[in-house]
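Residue numbers (my numbering): 2 to 131.
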């Protein structure tokens, strides 16, 4: 009976050692990121679309349109600046001073609001950060 328990013990130890080595070998399965690539050599997900080269006329027209849009945006910005300056210039000196002060106060309120928002989001981020 003693021989029987020793044989069982030895087979149990061998079985456990083999199963541990098999489990350790499976740790390296994670290094294969895409099993399709391992099986077929290429990923089936990456289907490249054919590149279509546009004609010179189309490319030229797109560039011309982009330049025209850029010019129009610049002209609009200049117009807005000039109209704002004119709106201030036609006022009396007292009103001009009041307008400048109001603009400064509005900018300060805007900056303060942004600071508070940034500070509050930092606090919230720290609060829920794990």
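We put the CB at the ideal spot given by N, CA and C, even for glycine. Please read all numbers here as calculations on a predicted model, not as lab measurements.
Residue i - containing alpha helix (DSSP H), residue span
i, result
"residue 84", "57-90"
Reduced DSSP category for residue i - H, G, I as helix; E, B as strand; rest coil
i, result
"residue 108", "helix"
"residue 122", "helix"
"residue 50", "coil"
"residue 93", "coil"
6 angstroms CB neighbourhood of residue i in its chain, flanking five on each side removed
i, result
"residue 56", "none"
"residue 68", "none"
Check whether residue i and residue j have beta carbons under 8 angstroms apart
i, j, result
"residue 100", "residue 89", "yes"
Beta-carbon proximity list for residue i, same chain, < 7 angstroms, skipping 5 on both sides
i, result
"residue 97", "89"
Residues of its chain near residue i, where Cβ-Cβ distance is below 8 angstroms and the 5 sequence neighbours each way are ignored
i, result
"residue 54", "none"
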